[in-house]
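S.K.:
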Amino acid sequence: MKMTLRALAVLLGYPSAELQAHVPEIEEALRAEHALPRADRRRLEPLLQSFRTEDLLDLQSAYSELFDRSRSLSLHLFEHVHGDSRERGQAMIDLGEQYMKSGFFLDSTELPDFVPVFLEYTSCLPLDEAREMLAQPAHVFAALAERLDRRGTPYASIFHALVTLAGARPDAEAVAQVDQNTPAQDAADIDEEWEEAPISFSAGAAHEMGGPTGVVAKIRASNRPVTRERQA
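Here the sequence shown is numbered in our numbering, starting from 98 and rising by one per residue.
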């Protein structure tokens with residue numbers, strides 16, 4: 098599942114020329130591991146095809162319209178769990194500490210709950226722990242899949258795939274709670290400070306990953322063992 102999670106993290110990052118150039122490697126990573134059923138891989142095909150054929154500026158514009166201009170489609174998990182409540186800040190701290198306790202250091206200007214960051218971290222865990230980690234926000238993934246389906250965008254396929262990988266059926270009440278926690282209407286303001294920046298986790302000196310735009314490094318890194326720092 099490691100390669101699949103990293104491939105999905107790449108696809109959910111801001112579109113880049115590098116991403117477009119390495120779509121075949123991403124496809125091979127998804128196919129080789131067989132972590133996703135064939136139906137989920139077929140569902141991802143329109144998104145992969147868009148990266149192969151569409152103009153980069155169009156891809157970037159569509160991405161920003163979905164994820165940067167829409168709080169209801171925010172790629173920050175705690176936006177959907179805690180909304181604007183005070184609990185969001187503490188949850189962010191707790192998640193960052195969880196990364197550190199696992200022996201991984203987040204080197205990024207992004208927040209710990211940014212979905213591509215979360216997926217990269219999860220990809221470094223043993224399989225059972227990774228599934229358990231994915232299952233915790235599965236109701237958020239399910240809600241985002243539904244919202245993106247309504248928008249008619251192939252990005253929905255990523256969140257359907259994450260629900261599958263979690264191996265848990267999202268609770269209907271939890272999904273409904275997500276709808277209550279996020280705004281019914283998108284905010285008019287655009288926060289220009291959320292620029293894409295390279296992201297890397299390190300577990301000791303043995304393992305490093307690039308951020309959402311570090312496509313080749315992320316896919317190739319999946320073939321190297323991940324070691325964890327010993328806790329004092």
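Note that the Cβ used here is the ideal one computed from N, Cα and C, for glycine as well. A quick note: this is a predicted structure, and the numbers were derived from the prediction, not measured.
Using the Cα positions of Ala303 and Arg247, report the straight-line distance between them to the nearest angstrom.
M.R.: Because the pLDDT at Ala303 is just 31, under 50, the model does not fix this residue reliably, and the value given afterwards should be weighed accordingly. Rounded to the nearest angstrom, the two C-alpha atoms are 43 Å apart.
S.K.: Going by the CB atoms, is the gap between Ala114 and Leu153 shorter than 9 Å?
M.R.: The answer is yes: Cβ separation under 9 Å.
S.K.: In three-state DSSP terms, what is Gly311?
M.R.: Per-residue confidence for Gly311 stands at a pLDDT of 41, beneath the threshold of 50, marking its modelled position as unreliable; the derived number appears in the next sentence. Coil, per DSSP.
S.K.: Return helix, strand or coil for His119, following the three-state DSSP convention.
M.R.: His119 falls in the coil class under three-state DSSP.
S.K.: Can you check which of these residues, Gln195, Phe256 and Leu203, is closest to Glu332 by C-alpha distance?
M.R.: For the chain, the structure presents residues 98 to 329; residue 332 sits outside this window and is missing.
S.K.: Checking 9 Å against the spacing of the C-beta atoms, do Leu116 and Phe148 come in under that value?
M.R.: A contact, by the Cβ cut-off of 9 Å.
S.K.: Could you tell me the alpha carbon to alpha carbon distance between Lys198 and Ser167, rounded to whole angstroms?
M.R.: Those two C-alpha atoms are separated by around 33 Å.
S.K.: Between Ala242 and Glu130, what straight-line distance do the alpha-carbon atoms span, to the nearest angstrom?
M.R.: Cα to Cα, the separation comes out at about 23 Å.
S.K.: Sorted by chain position, which residues of the same chain lie with C-beta nearer than 6 Å to Gly193's C-beta, five sequence neighbours on each side aside?
M.R.: The answer, listed in chain order, is Pro209.
S.K.: In the DSSP assignment, what are the bridge partners of His173?
M.R.: Per DSSP, Phe211.
S.K.: Per DSSP, what kind of secondary structure is Arg138 in: helix, strand or coil?
M.R.: Reduced to three states, the DSSP call for Arg138 is helix.
S.K.: Could you check the C-alpha separation between Leu163 and His177 for me, to the nearest Å?
M.R.: If you take the alpha carbons of Leu163 and His177, they lie about 15 Å apart.
S.K.: Please confirm whether Leu144 and Ser254 have their CB atoms less than 9 Å apart.
M.R.: Yes, Cβ-Cβ distance for Leu144 and Ser254 is below 9 Å.
S.K.: Which residues in the same chain as Val260 place their Cβ atom closer than 6 Å to its Cβ, once the five residues preceding and following it in sequence are excluded?
M.R.: Within the same chain, Val260 has close Cβ partners Ala235, Phe238 and Ala239.
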